[in-house]
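Q: The numbering of the sequence shown is the working numbering, which starts it at 1 and goes up by one. Pasting a structure below so you can have a look.
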Amino acid sequence: MRYFPRRYSRPGAAPGTLTDHETAPAFPPTRRLIQFNAQEIVDRPIEPGEPWPSTREGYVTWLHLQGTPTTDLMQQLGSEYGLHPLALEDVINAGQRPKFDEYDTYYFIVMNYLVRHSGRLTAEQISLFLGDNFIISIHEGPEDVFDPVRARLQAKKTLRNGGADFLILALLDLIVDHGFPLVEDMADRLEQIEDAVLENPDNETLDRIHVTRRELGFMRRVLWPQREIINSLTRSDGEVIADTTRPYVRDVYDHTVQILELIEGYRDLGSSLLELYMSTINNRMNEVMKVLTMIATIFLPLSFIAGLYGMNFSPEASHWNMPELHWHYGYFYALFVMLIIAIGMIIVFKRKRWF
């Protein structure tokens, strides 16, 4: 599974061309309509074959598409709400870099939603259109992540008292804040890896370090441009974002900065863990080599004695030719001398604190 599931237009196609891709939609699209004001809220699914609903005077209209968008749905949506073909193309060709485009009467925002599938971290594209009284959200993924915002709309009139800009702020805040649990999970993983490095470093621990560092780098690649998108909303000159909403946008921007600072700190910790792993492995190797060197050093004089008496010079030819070979207990004498030498060397090594 790739980090960024990416689709491309056919080479040579004109900009803004909407083309269904050869592969079948990964997730069949479903649609939902929410229209609300301070007194009333309508929340219902949009049936298959039903055209996209129009805006309603005095209401904020929120249209949500969950799943893989098709060209027919996007063409109908673009025709109903006057959306630019280039923006619709970016929706169809998922895997876009987070971006913020300002059109005459609406904003187009692309965000990436970090999620784990089967233990693998990946990014799902969420496309947002923000107009004066409407929001269109398109999330290509299996699960609808905006249920908490719908619950807030049903339970609290505070969110319904605001306009479309206040609602999209809630959506952006949910996308950004979803990064905090992922970062906390990374912190727990790093703590476990640190314990494993100190207790029993092995190849599996090294693999976990590399995977965690790679995922932290991926999270940084996703969240860094999203920080600039939120910052662009605070500095936009259009009238889509009300002045009363901008302080809340800056709060979301602060959250992106906090997450990035945590990620940078954990990336440094991941690098430190890799250095600690290599240092621990080197220390272990040094300990092993030291023990082996001690053993070889102890056996060196013993091998000399064994080799010397293994030359088998005959004492009958001369009394200088190893008379010990005729000793009745010569074998035990040799073993005793070897034992004394070995014990003496171990005592010397202990006193010098070589092991």
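All residues carry an ideal CB built from backbone N, CA and C; glycine is no exception. Predicted model, so just to flag it, every value in this text is computed and none were measured.
Using 8 Å for Cβ pairs, my map puts Y113 next to A123. What's the rounded Cβ distance?
A: That belief holds up - the Cβ atoms of Y113 and A123 are roughly 7 Å apart, short of 8 Å.
Q: Do the segment 63 to 83 and the segment 134 to 142 touch if we need at least three Cβ pairs shorter than 8 Å?
A: With the cut-off at 8 Å, the segment 63 to 83 and the segment 134 to 142 touch.
Q: Beta carbon of L174, beta carbon of P142: below 9 Å?
A: Cβ atoms of L174 and P142: not closer than 9 Å.
Q: Are R56 and D43 closer than 9 Å when you measure CB to CB?
A: Result no, Cβ atoms of R56 and D43 do not sit closer than 9 Å.
Q: If you count every other CB in all the chains shown that lies within 10 Å of the CB of S127, and 16 or more means buried, which is it?
A: Classification of S127: buried, given that the 10 Å Cβ count is 16 or more.
Q: Report yes or no: do the segment 242 to 257 and the segment 97 to 111 share at least 3 C-beta pairs separated by less than 8 Å?
A: Not touching, per the Cβ criterion.
Q: Do you know offhand how far L233's Cα is from H255's?
A: Using only the alpha carbons, I get a separation of about 14 Å.
Q: Among the residues of its own chain, which have a CB less than 7 Å from the CB of K352, if the five just before and after it don't count?
A: Cβ within range, chain order: n/a, list empty.
Q: Taking C-alpha atoms, which residue in D185, N133, L182 lies nearest to G163?
A: Nearest C-alpha to G163: N133.
Q: What's the call for I229, buried or exposed, on a 16-neighbour Cβ count within 10 Å?
A: Counting Cβ neighbours within 10 Å, I229 comes out buried, since at least 16 surround it.
Q: Would you call V60 buried or exposed, if buried means 16 or more other Cβ atoms sit within 10 Å of its Cβ?
A: Answer is buried; the Cβ neighbour count reaches 16.
Q: Check M285 in the structure and name its three-state DSSP category.
A: Three-state DSSP puts M285 in a helix.
Q: Looking at the structure shown, is M111 part of a helix, part of a strand, or coil, going by DSSP?
A: It is a strand residue.
Q: Closer than 6 Å by C-beta to L262: which residues in its own chain qualify, once you throw out the five before and the five after it? Chain order, please.
A: Correct list, in chain order: V183.
Q: Can you list, in chain order, the stretches of the beta strand (DSSP E) that have 3 or more residues and sit fully within the segment 20 to 72?
A: Whole beta strand (DSSP E) segments, 3+ residues: 30 to 36, 41 to 46, 60 to 66.
Q: Just to check my reading of the structure: Y266 and P201 have Cβ atoms closer than 8 Å, yes? What is that Cβ distance to the nearest angstrom?
A: At roughly 20 Å, the Cβ-Cβ gap does not stay under 8 Å, so Y266 and P201 are not in contact.
Q: Mind checking whether A87 and D101 have CB atoms under 9 Å apart?
A: Result yes, Cβ atoms of A87 and D101 sit closer than 9 Å.
Q: Under a Cβ-count criterion, where at least 16 other Cβ atoms within 10 Å of its own Cβ denotes burial, should Q35 be classed as buried or exposed?
A: Buried is the call here.
Q: Is the separation between the beta-carbon of L121 and that of H210 shorter than 9 Å?
A: Not a contact, by the Cβ cut-off of 9 Å.
Q: Taking 8 Å as the cut-off, does the CB of P85 come closer than this to any heavy atom belonging to the ligand GTP?
A: As for the ligand GTP, it is missing from this structure, which has no ligand bound.
Q: Thinking R213 and G270 are a contact (beta carbons under 8 Å), I'd like their distance in whole angstroms, please.
A: R213 to G270, Cβ: 4 Å. Contact.
Q: Exposed or buried, what is I346 when buried is set at 16 or more other beta-carbons lying within 10 Å of its beta-carbon?
A: Its Cβ having fewer than 16 others within 10 Å, I346 is exposed.
Q: Quick check on this structure: which residue in A342, H326, D188 has the alpha carbon closest to the alpha carbon of R304?
A: The sequence given here places Phe at residue 304; Arg does not occur at that position. Cα-wise, what sits closest to F304 is A342.
Q: Please confirm whether P51 and Q76 have their CB atoms less than 9 Å apart.
A: Cβ atoms of P51 and Q76: closer than 9 Å.
Q: Beta carbon of A38, beta carbon of K157: below 9 Å?
A: For A38 and K157, yes; Cβs fall inside 9 Å.
Q: Can you tell me whether F332 is buried or exposed? The criterion is at least 16 other CB atoms within 10 Å of its CB, across all chains shown.
A: It counts as exposed.
Q: Give the DSSP bridge partners of Q125, in chain order.
A: Answer by DSSP bridge pairing, in chain order: N112.
Q: Go ahead and pull the three-state DSSP assignment for L83.
A: Correct three-state label for L83: coil.
Q: Nearest to A151 by alpha carbon, out of L339, I41, M338?
A: Cα-wise, what sits closest to A151 is I41.
Q: Once you ignore the five residues that flank R160 on each side, which residues in its own chain have a CB closer than 7 Å to its CB?
A: Excluding positions up to five away in sequence, the list reads F36, N37, A38, I41, L153.
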